[in-house]
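Numbered per this note's numbering, the sequence shown spans residues 60 to 205. I have placed the structure first, in the form of structure tokens, so that the comments after it can refer back to it.
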Amino acid sequence: MRTPRGEGFDYDVYICWNIQSAVDPTVAPEGKYLYTAYLPLTEKESLNKELVGKIVKRLPDFMEEVYPGFKESIDWKLDLVCWKLEGVAKSISQAGTQKVPVKSPHVEGLYFAGDTAKGYGVAMDCAIASGVICAGEILNKDFGIR
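Dropping the structure here:
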């Protein structure tokens, strides 16, 4: 989902999302899904209720494009706005393949895990995925997340 700068945002707004129940079906009732979405805004933008409202309203429409039937399947949702987050990717250059790998390429036996190391999802989901990837590297075992 991209919201252009011309609509009042300093940068194009992108979305990260994770469907937790795809990895662990026990976190949602049978036939249901649990997902988390993260839309990073600048501190100034997140304090602007009009801009926040615009982006929160646009999210279900975007998800409907990706997953037809999404909007009618929502049982409940919770929209949270944090105006200041530390340690969370604030730009594309700090996300996905741009994050530090869990295994140091420079120091033998040094590993990293957390929301700023390789992982998938947002916030805690990313930190947990990173920990699973890290454990897999250390133990030379495939836990299903790479």
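All C-beta atoms in this analysis are idealised placements derived from N, C-alpha and C, irrespective of residue type, glycine included.
Neighbourhood of residue i by C-beta, 7 Å cutoff - its chain only, sequence neighbours within 5 removed
i: L137; result: none
i: V111; result: S105 and V140
Sheet register partners of residue i (DSSP bridge)
i: A176; result: V159
Contact check, residue i vs residue j, beta carbons under 9 Å
i: Y114; j: Y94; result: At residue 114 the sequence reads Ile, which differs from the Tyr that was named. No, the Cβ-Cβ distance between I114 and Y94 is not below 9 Å.
i: L100; j: F68; result: yes
i: V125; j: L98; result: no
i: V161; j: C193; result: yes
i: V159; j: A176; result: yes
Beta carbon proximity, residue i to chain B, threshold 9 Å
i: G173; result: Included in the structure is just one protein chain, with no chain B present.
Sequence-distant residues of the same chain with beta carbon closer than 6 Å to residue i, five excluded per side
i: F129; result: M122 and E123
i: P119; result: K130
i: G178; result: C185, A188 and S189
i: A87; result: S80 and L93
i: V191; result: F202 and I204
Neighbourhood of residue i by C-beta distance below 8 Å, restricted to the same chain and skipping five residues each side
i: G195; result: D201, F202, I204 and R205
i: Y170; result: V161, K162, S163, C193, E196 and I197
i: I74; result: M60, A96, Y97, L98, L118 and F121
Presumed contact (8 Å Cβ cut-off) between residue i and residue j, rounded CB distance
i: G168; j: S189; result: Their Cβ separation, rounded to whole angstroms, is 18 Å, which puts G168 and S189 out of contact at 8 Å.
#### Entry: Runs of alpha helix (DSSP H) lying entirely within the segment 60–144, each at least 4 residues, in chain order
79–82, 102–105 and 108–125
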